[in-house]
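Notes to accompany the following structure.
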Amino acid sequence: MEQFTAMRDLYIKKSHGFMLIYLIADQSTFNDLQDIRQGILRVKDTDDVPMILVGIKRKRKDKRVVDIDQVAKLAKSFNDCAFIELTSRDHDHVNEVFYELVRQVDKKLPDVTQNDSTKQSRFLM
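If you want the numbering used here, it's the position in the sequence shown, counting the first as 1, plus 1374.
Structure follows, in structure tokens:
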């Protein structure tokens, strides 16, 4: 298992933004977000990491367990990070999640010099 921890930490170290995903109908997935965020901040060695909380409702019949006020409170404690909830069929909002995360990352990254034709900007998901 140790090699997987090292791989995960390497991916975290090289990443610029994170989606923290929970299931609206499963409180334990929401409760895990604090530990996941702490792990990211530990590896990145900063408290200022672009993140977005994403609540997923998988099935129409799923009953809400995670209260939206809980989500808003957690997002505020995570440096006022954005949050959105969506269904698995909600394609427009899925795009918005990615757009929001890219906007946050773009604010944090230094500007890429336009004069140097050898430099390229890359975004990996």
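Ideal Cβ placement from N, Cα and C applies to all residues, glycine included.
Neighbour-count burial assignment, residue i, 16 or more Cβ in a 10 Å radius
| i | result |
| --- | --- |
| Q1478 | buried |
| A1446 | exposed |
| L1483 | exposed |
| L1384 | exposed |
Chain-order list of residues whose beta-carbon lies under 7 angstroms from that of residue i (same chain, five-residue window excluded)
| i | result |
| --- | --- |
| L1475 | G1391, M1393, P1424 and I1426 |
| E1470 | I1458 |
| N1489 | At N1489 the pLDDT is 48, less than 50, meaning the model places this residue with poor confidence; the figure from the coordinates comes in the next sentence. For N1489, where only same-chain residues beyond five positions count, there are no Cβ hits under 7 angstroms. |
| T1461 | K1431 |
8 angstroms contact criterion, which residue i and residue j should meet: CB distance rounded
| i | j | result |
| --- | --- | --- |
| R1411 | F1452 | 6 angstroms |
| Q1401 | V1439 | 5 angstroms |
Nonlocal neighbours in the same chain, by C-beta distance under 8 angstroms from residue i, ignoring five residues either side
| i | result |
| --- | --- |
| K1344 | With the chain covering only 1375 through 1499, there is no way to say anything about residue 1344. |
| Q1444 | F1404 |
| F1378 | none |
Same chain, Cβ closer than 6 angstroms to residue i, neighbours up to 5 away in sequence not counted
| i | result |
| --- | --- |
| I1386 | I1414 and V1417 |
| L1397 | T1403 and I1430 |
| D1406 | none |
Inset, instruction - Report the residue ranges of all beta strand (DSSP E) runs contained in full by the region 1397 to 1450; include only those spanning at least 3 residues, in chain order. - result: 1425 to 1431
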